[in-house]
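Participant: Numbering (full-length UniProt numbering), first residue to last: 1 to 97.
1. Quick check on DSSP: helix, strand or coil for residue 88?
2. From residue 53 to residue 39, what distance separates their C-alpha atoms?
3. Looking only at its own chain, which residues have a Cβ that is under 6 Å from the Cβ of residue 71, when we skip the five neighbours before and after it?
4. Tell me where the alpha helix (DSSP H) around residue 1 begins and ends.
5. Quick check: what's the CA-CA separation for residue 13 versus residue 60?
6. If you compare alpha carbons, which of 9, 50, 89 is closest to residue 32?
7. Can you tell me which of the three DSSP states residue 58 falls into?
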């Protein structure tokens with residue numbers, strides 16, 4: 001969760017610097033909320049599974065893996081959105097060095 005919060009803060013700061021449009025801000029905020037929501041649900045599922053099944057069990061592992069997979073998918077989506085939103089700005093910045 002700490003890494004995702006750091007990435008969210010960095011994206012917001014970069015959004016301010018890049019002077020994102022209103023639509024881009026909306027997409028960025030929705031993306032951040034999606035990642036943090038997935039991470040929160042993942043944590044809840046992991047804790048519930050650990051409480052219910054303290055011993056290793058294949059179904060417990062499957063539940064945890066599925067929740068972690070959801071976080072991975074939303075984080076990958078966030079990277080794609082970041083390239084779409086910040087790519088042109090960063091490319092322009094790089095070319096003007």
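Note that CB positions come from ideal geometry on N, CA and C, so glycine has one too.
Since we're looking at a predicted model, the values are computed, not measured.
Facilitator: This is what the structure holds:
1. helix
2. 21 Å
3. 38, 39, 42
4. No alpha helix (DSSP H) contains residue 1, which DSSP labels as neither H nor E.
5. 39 Å
6. 9
7. helix
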